[in-house]
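Enquirer: Chains as they are written, first to last, in my numbering: chain E, 1 to 258; chain V, 1 to 234.
Note that the Cβ used here is the ideal one computed from N, Cα and C, for glycine as well.
Written out as structure tokens, the structure reads:
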């Protein structure tokens with residue numbers, strides 16, 4: 001059953017996915033050809049960085065497109081799969097699209113850097129390929145994309161749960177925004193408490209001698225600072241977002257009506 | 001068997017259904033009749049587990065209805081249900097992956113019976129073809145309960161006739177309980193065994209179709225009209 005959901009969700013997004021990949025490659029070829037013609041190949045780095053950061057929005061956009069396909073009639077809820085499986089299928093298909101797209105932009109970035117670094121247009125330590133920084137960039141974007149997506153799923157479920165209350169229908173967006181602000185405020189206040197700070201500092205892991213590095217060109221710079229990593233906040237963030245996902249699944253099962 | 005016990009469904013202050021008590025017996029074909037806004041679709045969605053009652057309880061084969069009742073109920077929705085980007089074959093494939101009781105063999109029979117092209121995208125189908133595809137997807141299931149919510153909505157008489165023929169040919173009479181919510185009575189009348197009139201969320205009248213014909217010499221449509229007149233005092 002779950003394989004059927006995955007297949008259906010992939011078919012729903014397949015055309016958008018292929019067009020997006022073609023658009024990325026097409027844009028790259030146009031900018032690269034233009035740059036090469038004017039002896040300024042390094043300009044390809046600008047759209048590459050732009051597309052990199054756009055990936056934080058790509059996953060939530062894909063998942064929301066998949067959810068929108070179900071909104072007319074919500075027939076997907078007439079299913080023996082629970083809310084968890086229904087949402088997980090969309091999240092996994094969205095992640096597949098996201099990963100393939102991210103790998104493609106990684107390949108384009110590596111190819112471009114191979115050309116640009118020997119030309120001394122960018123500042124990288126020792127004129128070496130910034131593999132570590134690339135990994136960190138990929139991880140950061142993936143983390144950001146998952147953050148927005150899980151929140152998107154949760155808030156989408158709240159929005160559609162409110163459909164059953166006609167009085168609240170016109171102010172659904174306000175309620176959704178209020179829920180987001182309230183949870184964010186509560187968690188940030190909690191993080192500021194001194195005993196929480198001490199607890200966080202009690203378990204750290206040294207992530208190695210990365211060194212303080214800054215690379216990039218013009219105003220676009222990435223910095224990596226050697227530091228001990230606090231483990232608790234990472235674990236709590238993961239647990240918190242799993243709980244948000246489960247809350248979204250619960251709302252879908254128990255509160256969203258057709 | 002389907003039981004609705006003291007079921008009320010409220011949307012804010014409006015009562016879509018008001019304290020309904022009905023039992024649908026196994027293996028019979030029921031018609032839920034009534035004008036727009038009488039609560040027909042709400043009743044179907046409640047039985048399908050897509051909407052939850054404000055008060056009261058619903059049971060399908062002694063199981064209290066929740067989302068997982070989809071395992072026992074095949075539901076034809078008046079809107080949604082099809083993904084425009086998927087082909088007819090992909091829709092059949094998807095349904096067969098979701099419901100254990102889905103019979104691909106029956107789906108193939110229905111495909112030729114309803115003259116549908118498996119390679120066509122559902123978004124490119126005419127309204128009549130979409131109506132037939134929905135029926136195919138629902139009748140291919142060997143579920144104990146079949147719920148058809150406005151199966152004739154926006155369809156021409158020829159398509160309606162095909163749908164009725166499909167029902168007659170592919171329903172397991174005596175085993176499957178079929179509930180059809182509609183306000184298009186003429187075509188469906190031959191297959192109905194019992195009919196219920198809903199008005200403003202309440203059961204206004206009930207009849208056994210054969211009894212109605214033999215004892216009162218009335219068609220369901222005539223009975224419906226007379227019930228309206230009595231109900232409105234005209």
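Would you please verify whether the beta carbon of residue 165 (chain V) is less than 8 angstroms from any beta carbon of chain E?
Expert: The residue labelled residue 165 (chain V) in the question sits at position 165 within the second chain. So no, residue 165 (chain V) is outside the interface.
Enquirer: Would DSSP call residue 150 (chain E) helix, strand or coil?
Expert: Translated into positions along the first chain, residue 150 (chain E) becomes position 150. Of the three classes helix, strand and coil, the one that applies to residue 150 (chain E) here is helix, per DSSP.
Enquirer: Tell me the residue span of the beta strand (DSSP E) that contains residue 240 (chain V).
Expert: This structure cannot settle anything about residue 240 (chain V), because the visible part of chain V is limited to 1 through 234.
Enquirer: For residue 217 (chain V) and residue 203 (chain V), what's the separation of their Cα atoms in angstroms?
Expert: For the purposes of this step, residue 217 (chain V) is taken as residue 217 along the second chain, with counting starting at 1. For the purposes of this step, residue 203 (chain V) is taken as residue 203 along the second chain, with counting starting at 1. If you take the alpha carbons of residue 217 (chain V) and residue 203 (chain V), they lie about 23 angstroms apart.
Enquirer: DSSP state of residue 261 (chain E), grouped into three classes?
Expert: Given a span of 1 to 258 for chain E in the structure shown, any question on residue 261 (chain E) remains unanswerable.
Enquirer: Taking CB distances under 8 angstroms as the criterion, tell me whether residue 3 (chain E) reaches chain V.
Expert: If you number the first chain from 1, residue 3 (chain E) lands on position 3. At least one chain V Cβ lies under 8 angstroms of residue 3 (chain E).
Enquirer: Quick one: list the residues of chain B neighbouring residue 69 (chain E), beta-carbon separation under 7 angstroms, in chain order.
Expert: Any reference to chain B falls outside this structure, whose protein chains are E and V.
Enquirer: Three Cβ pairs or more, each shorter than 8 angstroms: is that satisfied between the segment 65 to 78 of chain V and the segment 44 to 64 of chain E?
Expert: With a cut-off of 8 angstroms, the segment 44 to 64 of chain E and the segment 65 to 78 of chain V do not count as touching, because too few Cβ pairs lie within range.
Enquirer: For residue 205 (chain V), which beta-bridge partners are listed by DSSP?
Expert: The residue you call residue 205 (chain V) lines up with position 205 of the second chain. In DSSP, residue 205 (chain V) forms a bridge with V:197.
Enquirer: So is the beta-carbon of residue 74 (chain V) under 7 angstroms away from any non-hydrogen atom of the ligand MN?
Expert: Of the ligands one can find in the structure shown there are none, so the ligand MN has no counterpart to examine.
Enquirer: Can you find a C-beta in chain E that's less than 8 angstroms from the C-beta of residue 162 (chain V)?
Expert: Within the second chain, residue 162 (chain V) is the residue found at index 162, counting from 1. No, residue 162 (chain V) lies away from the interface with chain E (no Cβ there is under 8 angstroms from its Cβ).
Enquirer: On the premise that residue 52 (chain V) lies in contact with residue 8 (chain E), defined as a C-beta separation below 8 angstroms, what is that separation, rounded to the nearest angstrom?
Expert: Reading the first chain from its first residue, position 8 is the one you call residue 8 (chain E). Reading the second chain from its first residue, position 52 is the one you call residue 52 (chain V). About 25 angstroms separates the two Cβ atoms, so there is no contact after all.
Enquirer: Using 10 angstroms around the beta-carbon of residue 192 (chain E), count the other beta-carbons present and answer buried if the total reaches 16, otherwise exposed.
Expert: Counting from one through the first chain, the residue named residue 192 (chain E) turns up at place 192. With fewer than 16 Cβ atoms within 10 Å of its Cβ, residue 192 (chain E) is classed as exposed.
Enquirer: Quick check: is the beta carbon of residue 15 (chain V) nearer than 8 angstroms to any beta carbon in chain E?
Expert: For this step, residue 15 (chain V) is matched to residue 15 along the second chain. Output row for residue 15 (chain V): interface = no.
Enquirer: Using the three-state DSSP reduction, which class does residue 57 (chain E) fall into: helix, strand or coil?
Expert: If you number the first chain from 1, residue 57 (chain E) lands on position 57. Three-state result, residue 57 (chain E): helix.
Enquirer: Looking at residue 18 (chain V) and residue 201 (chain V), is the spacing between their C-beta atoms short of 8 angstroms?
Expert: The residue labelled residue 201 (chain V) in the question sits at position 201 within the second chain. The residue labelled residue 18 (chain V) in the question sits at position 18 within the second chain. Cβ distance < 8 angstroms, so residue 201 (chain V) and residue 18 (chain V) count as in contact.
Enquirer: Note down, in chain order, each residue of its chain lying with its Cβ closer than 6 angstroms to the Cβ of residue 244 (chain E), except the 5 sequence neighbours on either side.
Expert: Position 244 of the first chain, counted from the start, is the residue given in the question as residue 244 (chain E). 150, 154, listed in sequence order.
Enquirer: Flag this pair as touching only if the segment 240 to 254 of chain E and the segment 28 to 43 of chain V have three or more C-beta atom pairs under 8 angstroms; answer yes or no.
Expert: Output reads no: the segment 28 to 43 of chain V does not touch the segment 240 to 254 of chain E.
Enquirer: Since I believe residue 155 (chain V) is in contact with residue 135 (chain V) (beta carbons under 8 angstroms), could you give me their beta-carbon distance rounded to a whole number of angstroms?
Expert: Within the second chain, numbered from 1, the residue matching residue 135 (chain V) stands at position 135. Within the second chain, numbered from 1, the residue matching residue 155 (chain V) stands at position 155. Not confirmed; about 10 angstroms, so no contact.
Enquirer: Across the segment 130 to 146 of chain V and the segment 68 to 86 of chain V, are there enough close Cβ pairs to call them in contact, namely three or more that are closer than 8 angstroms?
Expert: Yes, the segment 130 to 146 of chain V touches the segment 68 to 86 of chain V.
Enquirer: Please name the residue or residues paired with residue 99 (chain V) in a DSSP beta bridge.
Expert: Your numbering for residue 99 (chain V) matches position 99 in the second chain. According to DSSP, residue 99 (chain V) bridges with nothing at all.
Enquirer: In or out: residue 214 (chain E) buried (at least 16 other Cβ within 10 Å) or exposed?
Expert: On the first chain, residue 214 (chain E) is found 214 positions in, with the first residue counted as 1. Residue placement at residue 214 (chain E) cannot be trusted, given a pLDDT of 41 that sits under 50; the coordinates are not used to answer.
Enquirer: At a CB-CB cut-off below 9 angstroms, which residues of chain E make contact with residue 11 (chain V)?
Expert: Translated into positions along the second chain, residue 11 (chain V) becomes position 11. Correct list: 164, 165, 166.
Enquirer: List the whole-angstrom C-beta distance separating residue 161 (chain V) from residue 187 (chain V), where the pair is believed to meet the contact cut-off of C-beta under 8 angstroms.
Expert: What you label residue 161 (chain V) is simply residue 161 of the second chain in a count that begins at 1. What you label residue 187 (chain V) is simply residue 187 of the second chain in a count that begins at 1. Residue 161 (chain V) to residue 187 (chain V), Cβ: 6 angstroms. Contact.
Enquirer: Tell me which residues share the same chain as residue 200 (chain E) and place their Cβ nearer than 6 angstroms to its Cβ, disregarding the 5 neighbours each side in the sequence.
Expert: In the first chain, the residue the question calls residue 200 (chain E) occupies position 200. Result list for residue 200 (chain E): 230, 232, 233, in chain order.
Enquirer: The alpha helix (DSSP H) spanning residue 9 (chain V) covers which residue range?
Expert: Indexing the second chain from 1 puts residue 9 (chain V) at position 9. Element bounds for residue 9 (chain V): not the alpha helix (DSSP H) but the beta strand (DSSP E), 2 to 11.
Enquirer: With DSSP as the reference, identify every bridge partner of residue 77 (chain V), one or two as the case may be.
Expert: On the second chain, position 77 is the one that residue 77 (chain V) refers to. DSSP output for residue 77 (chain V) lists no bridge partner at all.
Enquirer: Tell me, please, whether the CB atom of residue 217 (chain V) is closer than 8 angstroms to any CB atom in chain E?
Expert: Translated into the one-based positions of the second chain, residue 217 (chain V) becomes position 217. Cβ-Cβ to chain E under 8 angstroms: no for residue 217 (chain V).
Enquirer: So who's on the other strand from residue 29 (chain V), going by DSSP bridges?
Expert: Here residue 29 (chain V) refers to the residue found at position 29 when the second chain is read from its first residue. V:178.
Enquirer: Output yes or no for whether 8 angstroms exceeds the beta carbon distance between residue 157 (chain E) and residue 27 (chain E).
Expert: For the purposes of this step, residue 157 (chain E) is taken as the residue at position 157 of the first chain. For the purposes of this step, residue 27 (chain E) is taken as the residue at position 27 of the first chain. Not closer than 8 angstroms, so no.
Enquirer: Our contact map puts residue 73 (chain E) next to residue 79 (chain V) with C-beta atoms below 8 angstroms; I'd like the distance itself, whole angstroms only.
Expert: Numbered from 1 along the first chain, position 73 holds the residue referred to as residue 73 (chain E). Numbered from 1 along the second chain, position 79 holds the residue referred to as residue 79 (chain V). At roughly 5 angstroms, the Cβ-Cβ gap stays under 8 angstroms, so residue 73 (chain E) and residue 79 (chain V) are in contact.
Enquirer: Using only the alpha-carbon positions, how far apart do residue 137 (chain E) and residue 79 (chain E) sit?
Expert: Taking the first residue of the first chain as position 1, residue 137 (chain E) is located at position 137. Taking the first residue of the first chain as position 1, residue 79 (chain E) is located at position 79. Between residue 137 (chain E) and residue 79 (chain E), the C-alpha separation is close to 39 angstroms.
Enquirer: Run through chain V and tell me which residues come within less than 7 angstroms of residue 134 (chain E), C-beta to C-beta.
Expert: Position 134 of the first chain, counted from the first residue, corresponds to residue 134 (chain E). Result: empty, since nearest Cβ-Cβ is about 35 angstroms, beyond 7 angstroms.
Enquirer: Distance cutoff 8 angstroms, beta carbons only. Does residue 52 (chain V) sit that close to anything in chain E?
Expert: Within the second chain, the letter at position 52 stands for residue 52 (chain V). Chain E, which has a Cβ nearer than 8 angstroms to the Cβ of residue 52 (chain V), makes this yes.
Enquirer: 8 angstroms is my cut-off, CB to CB: does residue 132 (chain V) come that close to chain E?
Expert: On the second chain, residue 132 (chain V) is found 132 positions in, with the first residue counted as 1. It does not: the Cβ of residue 132 (chain V) has no partner Cβ on chain E nearer than 8 angstroms.
Enquirer: Do residue 109 (chain E) and residue 48 (chain E) have their C-beta atoms within less than 8 angstroms of each other?
Expert: The sequence position of residue 109 (chain E) within the first chain is 109, counting from 1. The sequence position of residue 48 (chain E) within the first chain is 48, counting from 1. Yes. Within cutoff.
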